[in-house]
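**Q** Numbering (my numbering), first residue to last: 24 to 225.
Here it is, the structure, as structure tokens.
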Amino acid sequence: MNPGIGGGAFEWVDSVLVKALQNGSWLLIDNVNFCSASVLDRLNALLEPNGVLTVNERGTVDGTILTITPHPDFRLFFAMDPKRGEISRAMRNRGIEIYILGEDDECSFSKEDILSMLTATGLGNSRLSEWLLHLHTTLKSSLPFNERPVIADLLHAGAMFAQLTSKGFSAVEAASHVVEDVYVSNKRSSTTKQVLLLIFML
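Take a look at the structure:
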């Protein structure tokens, strides 16, 4: 704001992408399939061989539109879960695609591995870890494929449980918060939510 002037003034601020392009940083766009197709289309020219990013939104600088050539060290990574949707074939063809086997691809973790990962989240109580794992396994077998929880959900639940109990919540109170925040609230289907609530009441 300029004193003595009746209005404010806008200032252009470079985005994370622009800064990464200029500085040669590595940038991860997680859950890229949640991104609007029109936004991703803006990256097409950048991801071409010898591509550049044209920043039309900034307007002209010295009479020309700002065009950014990527730093040689710049790298862009997309991460996505195909269960949550896809991105265009054209966009996928502009990079190297790596598929990592998931829990449902005969690449499941052993029980000992999972309990070890739960311990690493800060959940030191073995009985609570066993309970969370049992809950997670029950949900996986009860819910439709696109609504099943994954290992990341279980680890999120373990970390939240550890944080809540360290703040003085009882195990029952912590369990209630974890169930609601991790396993119920992010489900889109009302039917799935009803199934979850029924399971938790048993």
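Just so it is clear, CB atoms sit at the ideal spot from N, CA and C, and this is done for glycine as well.
Grouping DSSP H, G and I as helix and E and B as strand, with all else coil, what is E34?
**A** Position 11 of the sequence shown, counted from the start, is the residue given in the question as residue 34. Coil, per DSSP.
**Q** Quick check: what's the CA-CA separation for K106 versus L166?
**A** If you number the sequence shown from 1, residue 106 lands on position 83. If you number the sequence shown from 1, residue 166 lands on position 143. So the two alpha carbons sit approximately 14 Å from each other.
**Q** Given a threshold of 16 other Cβ atoms within 10 Å of its Cβ, counted over all protein chains shown, does Y206 qualify as buried or as exposed?
**A** Here the question's residue 206 lines up with position 183 in the sequence shown. Buried, because 16 or more other Cβ atoms sit within 10 Å of the Cβ of Y206.
**Q** Can you list, in chain order, the residues of its chain whose CB lies under 7 Å from that of A43, leaving out five sequence neighbours each side?
**A** Here residue 43 corresponds to residue number 20 of the sequence shown, with the count starting at 1. L50 and F97.
**Q** Mind checking whether L141 and L178 have CB atoms under 8 Å apart?
**A** Locating residue 141 in the sequence shown gives position 118, where the first residue counts as 1. Locating residue 178 in the sequence shown gives position 155, where the first residue counts as 1. Yes, Cβ-Cβ distance for L141 and L178 is below 8 Å.
**Q** For L151 versus A194, is the C-beta distance shorter than 8 Å?
**A** Position 128 of the sequence shown holds residue 151. Position 171 of the sequence shown holds residue 194. Their beta carbons are under 8 Å apart, which means L151 touches A194 by this criterion.
**Q** Is V78 buried or exposed, if buried means 16 or more other CB atoms sit within 10 Å of its CB?
**A** Position 55 of the sequence shown, counted from the start, is the residue given in the question as residue 78. That one is buried.
**Q** What number of angstroms, rounded off, separates the C-alpha of L63 from the C-alpha of S111?
**A** For the purposes of this step, residue 63 is taken as residue 40 along the sequence shown, with counting starting at 1. For the purposes of this step, residue 111 is taken as residue 88 along the sequence shown, with counting starting at 1. So the alpha carbons of these two residues sit roughly 9 Å apart.
**Q** State yes or no: is the C-beta of V201 within less than 8 Å of the C-beta of M183?
**A** For the purposes of this step, residue 201 is identified with residue 178 of the sequence shown, where counting begins at 1. For the purposes of this step, residue 183 is identified with residue 160 of the sequence shown, where counting begins at 1. Cβ distance < 8 Å, so V201 and M183 count as in contact.
**Q** CA-CA distance, D73 and C58?
**A** For this step, residue 73 is matched to residue 50 along the sequence shown. For this step, residue 58 is matched to residue 35 along the sequence shown. For the record, residue 73 in the displayed sequence is Asn; it is not Asp. Using only the alpha carbons, I get a separation of about 24 Å.
**Q** Enumerate in chain order the residues of its own chain whose CB-to-CB distance from G145 is below 8 Å, with the five nearest sequence positions on each side excluded.
**A** If you number the sequence shown from 1, residue 145 lands on position 122. Only G181, A182, A185, Q186 and S189 meet the Cβ criterion.
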